[in-house]
Ligand SMILES: Cc1cc2nc3c(=O)[nH]c(=O)nc-3n(C[C@H](O)[C@H](O)[C@H](O)COP(=O)(O)OP(=O)(O)OC[C@H]3O[C@@H](n4cnc5c(N)ncnc54)[C@H](O)[C@@H]3O)c2cc1C
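Numbering (this note's numbering), first residue to last: 62 to 494.
Here you go:
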């Protein structure tokens, strides 16, 4: 019997398994899909390596993914985004968002009066994050009597936590992201050379080198619980014994494989009720290179759109002379699931990209639309900031743990997948190590 069974071979499951395996635990990982990587998997098509939507690593080589991989003995080669790292499209042209705060003022992106407000964030970092977790950015802006320019700027900055909706984005979560970025030396985002799948290949190698096992194409159907303790798992038609289990997928899905009445009402409602980030995304393989833009493109309208010309960052992800681009429109979870609304948003997304890049339409080699009820497991809004989200232990069930990008730890999206895995492993060690 494995010491720990992990359900799900996405970023959080693979990191949990690799960290535990390195500490000497015998781990077994089950993944229902044919391949590993979950929402950050790569797809190989006719010489293209296509990530699942835009995928970047915040804070470059100092981000959670490369630093945790380094602790596990693996180096991740990254390409750091060049200046301008971020551009926005408005009035039929691109505008650059410089990283240097004085340039932000020189170019009229911020008012003179805004700079002290930004610097105050950094000076009061010990209190300002906690004090503003449950406050929306809009409320904070009103409190400090911010200029409309600062509001526009923070809308774009809030894309760092994938919540550019100022009326509900958690100010504390955003400040924590900004302050952490500055503390790490302000490194730009990074892209793993060869595509995001490289991260998972490295993790799988670590897991297997320590004797761990990864089984793909095998869905866990049920978590068996006896007298308040995990006793096993139903895998396909057979049952296996298991005493420590990590569910490494969005926690809203936990009760697909766990009987609801095993968890009392309040924690159960919290787990099921978290709102994810949702959207609609489109990838294009293009016959020709039609643009040199290599930064993150933002279109701060309704819906909020962002995108990346991935092959301009890493040419190895497209055949020579071709181009790979990916754009996403953020939606509500309901819109992403509603066939008609989703199709209308997709049409708008494609038309918007054509406006930006008129040569796109006659160069399409292939296109892949994706309807994404879950982009990030949890939206970092002021109703579900980290203290209001679940911890790794499932209340009332001994031996059952959670990891994944819904948990109550720092970071957003893929970062949260890593920090949650770290905390989950720490808790398993404390209890059974
Ligand atoms: C379009 C898009 C763009 C993104 N961009 C970024 C970005 O730029 N930067 C960033 O940091 N993050 C980004 N993210 C978020 C990031 O991909 C996720 O946070 C991360 O992949 C979550 O990893 P996870 O392991 O927690 O969950 P998942 O990746 O969802 O992995 C869960 C795995 O569990 C498996 N599973 C579920 N149930 C079972 C079962 N019963 N039995 C067996 N297996 C099961 C699933 O098949 C899946 O493989 C993006 C996500 C999307 C969708």
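All residues carry an ideal CB built from backbone N, CA and C; glycine is no exception.
- Beta-bridge partners assigned by DSSP to residue 344: 387 and 429.
- Within a 10 Å sphere around the beta-carbon of residue 288 sit fewer than 16 other beta-carbons, which makes this residue exposed.
- Between residue 256 and residue 103, the C-beta gap is smaller than 8 Å, which places the two residues in contact.
- In this structure, DSSP gives residue 352 a state outside helix and strand, which the three-state scheme calls coil.
- Taking 7 Å as the cut-off, one finds no heavy atom of ligand 1 near enough to the beta carbon of residue 146.
- Placement of the Cβ of residue 429 at a distance of 7 Å or more from every heavy atom of ligand 1 is found.
- Residue 347 is not a Cβ neighbour of residue 75, given a cutoff of 8 Å.
- Shown here, residue 97 sits in coil according to DSSP, grouped into three states, outside any helix or strand.
- Spanning the alpha carbons of residue 444 and residue 206 requires a straight line of approximately 23 Å.
- The Cβ atoms of residue 306 and residue 438 lie no closer than 8 Å to each other.
- Of the residues 382, 355 and 340, the one whose Cα lies closest to the Cα of residue 436 is 340.
- For residue 224, the shortest separation between its Cβ and any heavy atom of ligand 1 does not lie below 7 Å.
- Rounded to the nearest whole angstrom, the C-alpha separation of residue 250 and residue 272 is 33 Å.
- The residues 172, 173, 175 and 176, in chain order, have a CB closer than 8 Å to that of residue 166 in the same chain once the five nearest residues on each side in sequence are set aside.
- Beta bridge pairing from DSSP links residue 295 with 283 and 300.
- Secondary structure remark: continuous beta strand (DSSP E) runs of at least 3 residues inside the segment 95-148, in chain order: 103-106, 109-112 and 139-141.
- Looking at the DSSP output, residue 192 sits in no beta bridge, so it has no partner there.
- The DSSP-derived three-state label of residue 308 is strand.
- For residue 403, the secondary structure class from DSSP, reduced to helix, strand or coil, is helix.
- Distance from the CA atom of residue 471 to the CA atom of residue 423, rounded to whole angstroms, is 43 Å.
- Its Cα nearest to that of residue 267, the residue 82 stands out among 82, 69, 230 and 236.
- Contact between residue 382 and residue 349 holds: their C-beta atoms lie close to 7 Å from each other, under 8 Å.
- For residue 207, there is no enclosing alpha helix (DSSP H), since its DSSP letter is neither H nor E.
- Shortest gap from the CB of residue 123 to any heavy atom of ligand 1: 7 Å or more.
- If you look at residue 462, you'll find it in the beta strand (DSSP E) that goes 461-464.
- When rounded, the separation of the alpha-carbon atoms in residue 344 and residue 141 is 21 Å.
- Counting of Cβ neighbours within 10 angstroms places residue 384 among the buried residues, the total reaching 16 or more.
- For residue 267, the enclosing alpha helix (DSSP H) has its first and last residue at 258-270.
- Of the residues assessed, residue 396 falls on the buried side of the cut-off, its CB having 16 or more other CB atoms within 10 angstroms.
- In this structure, residue 345 has its CB at a distance of at least 7 Å from all heavy atoms of ligand 1.
- In this structure residue 125 touches residue 476 by the C-beta definition: roughly 5 Å separates them, less than 8 Å.
- Counting the other CB atoms within 10 Å of its CB gives residue 243 a total below 16, which places it among the exposed residues.
- Taking the CA atoms as reference points, residue 455 sits about 8 Å from residue 324.
- The C-alpha of residue 283 is placed about 8 Å away from the C-alpha of residue 320.
- If you ignore the 5 residues before and after residue 295, its C-beta comes within less than 6 Å of the C-beta of 282 and 283, all in its own chain and listed in chain order.
- Here the alpha carbons of residue 366 and residue 388 stand approximately 7 Å from one another.
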